[in-house]
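Here's the structure we're looking at; comments come further down.
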Amino acid sequence: MIASTAKIHPSSVIEDGAVIGENATVGPFCHVGPNAVLGEDVELLSHVVVIGRTTVGKGTKIFPSAVIGGDSQSVHHSALNTTLVIGENCTIREGVTMNTGTVEHGGTTVIGDNNLFLANSHVAHDCRLGNNIILSNNVMLAGHVIVDDRAILGGGSAVHQFTRIGRQAFIGGLSAVSYDVIPYGMLNGNPGLLSGLNVVGMTRAGIDRATIHAVRRAYKQIFEGPESIRANATAIRQEYLDCAPALEILDFIAAESDRALSSPNRGNRG
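Numbering (our numbering), first residue to last: 14 to 283.
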């Protein structure tokens, strides 16, 4: 179904079954598959491929040579009824690739709202991304990665499968992210090590100085304390019940995960 207000260039292929929303624009030489849904005001500039069971949210703009909704690149992928859901007002730049999920792991790759994906970045199967995230050029997310709101990943960084990246974390360019990164954490290098807190991002988010100082103190207690990371985090919890960002870090550390925790010390993974 193609809305009457949609604009479709005559050189593009829209397969039977595709849904094109009100005021959507499909530029020249695009291909929209039979199970794709483009929401209201979505724009495909040119040479864009949207295939698979893919839903693109209102106002999202996709630039040339992006391939959205391709099958998982997992060798175990069964290619049955898996999906990709992209939220509203995302910007997906040139050459970006995003894959659908796998049946074996829930079947859905989820992208939130207001995210920016710079050229040639990749979101693999079963990833779950929040809102207001930036993936810089050539960032690679392996399968099952979770990225929380407002995280920023620098150019060329690579994230190991099943890794979690906490809210408002900052990943330096060319970093290798092999282990979970706490909320507000900064990680750099290969192998990636924590280098402190994303204080600039916290300030821009409106977190006051006193709270930032409290989170810094908690960070030091967690990663420089006498026990393991998780034991240190458990020991200080009562001290930070009135500090929401610190509690967010402590909850992140306490949560179950397939990966260890990134730390400032290569030998200490929690």
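Heads up, the beta-carbon is just placed ideally off N, CA and C, and yes, glycines get one too.
Val45 - DSSP class collapsed to helix/strand/coil: Of the three classes helix, strand and coil, the one that applies to Val45 here is strand, per DSSP.
Among His135, His173, Ile220 and Ile235, the one whose alpha carbon lies nearest that of Val80: Nearest C-alpha to Val80: His135.
Between the CA atoms of Ile64 and Arg272 - distance to the nearest angstrom: Put simply, the backbone Cα of Arg272 is about 32 Å away from that of Ile64.
Same chain, Cβ closer than 8 Å to Leu206, five either side skipped, listed in chain order: Annotation for Leu206: Leu200, Ser275, Ser276, Pro277, Asn278 and Arg279 place their beta carbon closer than 8 Å to its own, counting only its chain and skipping 5 residues before and after.
Cβ-based burial, Leu57 [other Cβ within 10 Å; buried from 16]: Flag for Leu57 reads buried.
Neighbourhood of Leu263 by C-beta, 6 Å cutoff - its chain only, sequence neighbours within 5 removed: If we look at Leu263 and ignore the five residues flanking it on each side, its Cβ neighbours are Ala246 and Arg250.
Distance CB(Thr67)-CB(Leu97) smaller than 8 Å: Yes, these two residues count as a Cβ contact at 8 Å.
Cross-strand partners of Val26 (DSSP beta bridge): According to DSSP, which records beta bridges pairwise, Val26 is partnered with His44.
Endpoints, the alpha helix (DSSP H) within which Gly214 is located: Residues Val212 to Arg217.
Bounding residues of the beta strand (DSSP E) (the contiguous stretch that carries Leu260): No beta strand (DSSP E) contains Leu260, which is instead part of the alpha helix (DSSP H) from Ala257 to Ala267.
Three-way DSSP call (helix, strand, coil) for Phe76 in this model: DSSP places Phe76 in coil when its eight states are reduced to three.
Any C-beta of chain D under 8 Å from that of Phe265: The question asks about chain D, but that chain is absent: this structure has only one protein chain.
Three-pair Cβ contact test at 8 Å for the region 111-120 versus the region 142-151: Under the Cβ criterion (8 Å, minimum of three pairs), the region 111-120 does not count as touching the region 142-151.
Of the residues Ile21, Ile33 and Pro239, the one placed nearest Met14, counting alpha carbons only: When only C-alpha atoms are compared, the closest one is Ile33.
Rounded C-alpha distance that separates Ser170 from Leu154: Taken atom to atom, the span from the alpha-carbon of Ser170 to that of Leu154 is near 9 Å.
Whether Ser188 touches Asn211 by CB criterion (8 Å): Annotated as distal: Ser188 and Asn211, with beta-carbon spacing of 8 Å or more.
Outcome for Ala268 when other beta-carbon atoms lying within 10 angstroms are tallied against a minimum of 16: Exposed is the call here.
Coarse secondary structure for Ala189, derived from DSSP in three states: Reduced to three states, the DSSP call for Ala189 is strand.
7 Å CB neighbourhood of Thr224 in its chain, flanking five on each side removed: If we look at Thr224 and ignore the five residues flanking it on each side, its Cβ neighbours are Cys256 and Pro258.
Residue of Ser17, Asn36, Lys20 and Val45 minimising C-alpha distance to Gly30: Here the closest residue by C-alpha is Val45.
Cβ pair Ser191, His173 closer than 8 Å: Contact flag set, yes.
According to DSSP, residues forming a beta bridge with Met199: Met199 pairs with Phe183.
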